[in-house]
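Asks:
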Amino acid sequence: MKHEEPLPMVSAPSPRFIKSHLPVALLPDRIWSVKPKIVYVRRNPKSVAVSYYHHYVSIYGCTATKEQFMRAFLSDQILSSPYHQHVIEYHHLDYPDNLLYLCYEDMKKDLKGTLRRVCSFFGKSYSDDQFDTLTQHLSFDSLKNNKAVNFSDVTQQALQHSNRADKLADPNFKFMRRGEVEGWKRELDPETIKEFENWTNSKVLDPEDRKLFD
């Protein structure tokens, strides 16, 4: 289907913010000539898999069990797979000075420190009081209650249209659910955790690259 009008991101004035899950191979050709700044965020694969499972269930009405979904994730059969390749290709991307790598776990440990890195990357400077305000505003607890970013309308519509209105108050059916660093320890059994570790070891042979998935 052809769009009759430009997409909103095309007509929006600069500077623009575009969120994407595209792998390196699918980035637009003009990336290499325009060279916009890119911020890449990686996360522990076990956390990604658990979060993705709940996302599939709440938004898309996925009926697979958690165990079935984990099997599919480990088999690279989920959208945006293969996961390791996605992370490694961005980490090795020849894109000097315009690519900032972040780690979700580091953001959770030191959000203010991460914000200082991001601001430096974009050439912005703020006072300590302003950083305190930003840190509070961009905390997970704040964002999950912010209708501008928490996709509450999307999840509400998805649940109502699929006759699951009884799940509207269930925190596991929120777009922004828990935001934990090691929530997978509670949701995955020891056997599955071991499978994830073996999966990473078999897919990532370079010891330095393997550190990206700790």
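First residue of the sequence shown? That's 1 in the UniProt record's numbering, and the numbers climb one at a time after it.
The beta-carbon is built from N, C-alpha and C at its ideal position, and this holds for glycine as well.
#1: For the stretch 5 to 51, which segments carrying the beta strand (DSSP E) assignment without a break, of at least 3 residues, lie completely within its bounds, in sequence order?
#2: What's the call for Met107, buried or exposed, on a 16-neighbour Cβ count within 10 Å?
#3: Go through its chain and collect everything with a Cβ distance to Pro171's Cβ below 8 Å, but skip five positions before and after it.
#4: Could you give the distance in angstroms between the alpha-carbon of Lys35 and the alpha-carbon of Arg117?
#5: Restricting to Cα atoms, I'd like to know which of Gln160, Lys174, Glu197 and Tyr83 is closest to Val48.
#6: Please report the distance separating the alpha-carbon of Asp111 from that of Cys62.
#7: Taking buried to mean at least 16 other C-beta atoms within 10 Å of its own C-beta, is Ser120 buried or exposed?
#8: Quick check: does the Cβ of Pro13 come within less than 7 Å of any heavy atom belonging to the ligand FAD?
#9: Which value, in whole angstroms, describes the spacing of the CA atoms of Glu67 and Ile78?
#10: Beta strand (DSSP E) containing Cys103: first to last residue?
#11: Which residues bound the alpha helix (DSSP H) around Thr192?
#12: To the nearest angstrom, how far is it from the Cα of Leu99 to the Cα of Ile38?
#13: What residue range is occupied by the uninterrupted alpha helix (DSSP H) comprising Glu208?
#14: List the whole-angstrom C-beta distance separating Ile88 from Asp189, where the pair is believed to meet the contact cut-off of C-beta under 8 Å.
#15: Using a beta-carbon distance below 8 Å, is Pro82 in contact with chain D?
#16: Kindly indicate which three-state DSSP category Gly123 falls into: helix, strand or coil?
#17: How far does the alpha helix (DSSP H) with Phe213 in it reach, from first residue to last?
#18: Residues in its own chain within less than 7 Å of Glu182 by CB, not counting five upstream and five downstream?
#19: Does the beta-carbon distance from Phe175 to Val204 come in below 8 Å?
#20: By the 10 Å Cβ neighbour count, where 16 or more other Cβ atoms means buried, how is residue 218 classified, buried or exposed?
#21: Run through DSSP, which three-state label would residue 232 get?
#22: Between which residues of its own chain and His86 is the CB-CB distance below 7 Å, once the five residues before and five after are set aside?
Replies: In terms of the structure at hand:
#1: 38 to 42, all fully within the stretch 5 to 51.
#2: Here residue 107 corresponds to residue number 107 of the sequence shown, with the count starting at 1. Taking every protein chain shown into account, the CB of Met107 has 16 or more other CB atoms within 10 angstroms, so this residue is buried.
#3: Here residue 171 corresponds to residue number 171 of the sequence shown, with the count starting at 1. Here the set comprises Arg177 and Arg178.
#4: Counted from its first residue, the sequence shown places residue 35 at position 35. Counted from its first residue, the sequence shown places residue 117 at position 117. Each residue's alpha carbon lies about 19 Å from the other.
#5: Against the sequence shown, residue 48 aligns to sequence position 48. Of the listed residues, the one whose Cα sits closest to Val48 is Tyr83.
#6: Indexing the sequence shown from 1 puts residue 111 at position 111. Indexing the sequence shown from 1 puts residue 62 at position 62. Reading the sequence as shown, one finds Leu at residue 111 and not Asp. Taking the CA atoms as reference points, Leu111 sits about 33 Å from Cys62.
#7: Translated into positions along the sequence shown, residue 120 becomes position 120. Under the 10 Å beta carbon count, Ser120 is surrounded by fewer than 16 other beta carbons and is classified as exposed.
#8: No copy of the ligand FAD occurs in the structure displayed, which carries no ligand at all.
#9: Sequence index remark: in the sequence shown, residue 67 carries index 67 (1-based). Sequence index remark: in the sequence shown, residue 78 carries index 78 (1-based). Cα-Cα distance, rounded: 14 Å.
#10: As a working note, residue 103 is residue 103 in the sequence shown. Segment Leu99 to Cys103, the beta strand (DSSP E) holding Cys103.
#11: Looking up residue 192 in the sequence shown gives position 192. In the DSSP annotation of this structure, the continuous segment of the alpha helix (DSSP H) that includes Thr192 starts and ends at Pro190 to Lys203.
#12: Along the sequence shown, read from residue 1 onward, the residue named residue 99 stands at position 99. Along the sequence shown, read from residue 1 onward, the residue named residue 38 stands at position 38. Rounded to whole angstroms, Leu99 and Ile38 show a C-alpha spacing of 5 Å.
#13: The count along the sequence shown starts at 1 and reaches residue 208 at position 208. DSSP places Glu208 in the uninterrupted alpha helix (DSSP H) bounded by Pro207 to Arg210.
#14: Counting from 1 along the sequence shown, the entry for residue 88 is found at position 88. Counting from 1 along the sequence shown, the entry for residue 189 is found at position 189. Ile88 to Asp189, Cβ: 28 Å. No contact.
#15: Within the model displayed, chain D is absent; a lone protein chain is all it includes.
#16: Position 123 of the sequence shown holds residue 123. Coil, per DSSP.
#17: If you number the sequence shown from 1, residue 213 lands on position 213. DSSP places Phe213 outside any alpha helix (DSSP H), giving it a letter other than H or E.
#18: As a working mapping, residue 182 is identified with position 182 in the sequence shown. Apart from the 5 residues on each side of it in sequence, Glu182 has no Cβ closer than 7 Å to any other Cβ in its chain.
#19: Taking the sequence shown and counting its residues from 1, one reaches residue 175 at position 175. Taking the sequence shown and counting its residues from 1, one reaches residue 204 at position 204. The Cβ-Cβ distance between Phe175 and Val204 does not fall below 8 Å.
#20: Coverage of the chain is limited to positions 1 through 214, which leaves residue 218 absent and any answer about it impossible.
#21: Shown here, the chain extends from 1 to 214; a query on residue 232 therefore has no answer.
#22: Position 86 of the sequence shown, counted from the start, is the residue given in the question as residue 86. If we look at His86 and ignore the five residues flanking it on each side, its Cβ neighbours are Pro23 and Ser80.
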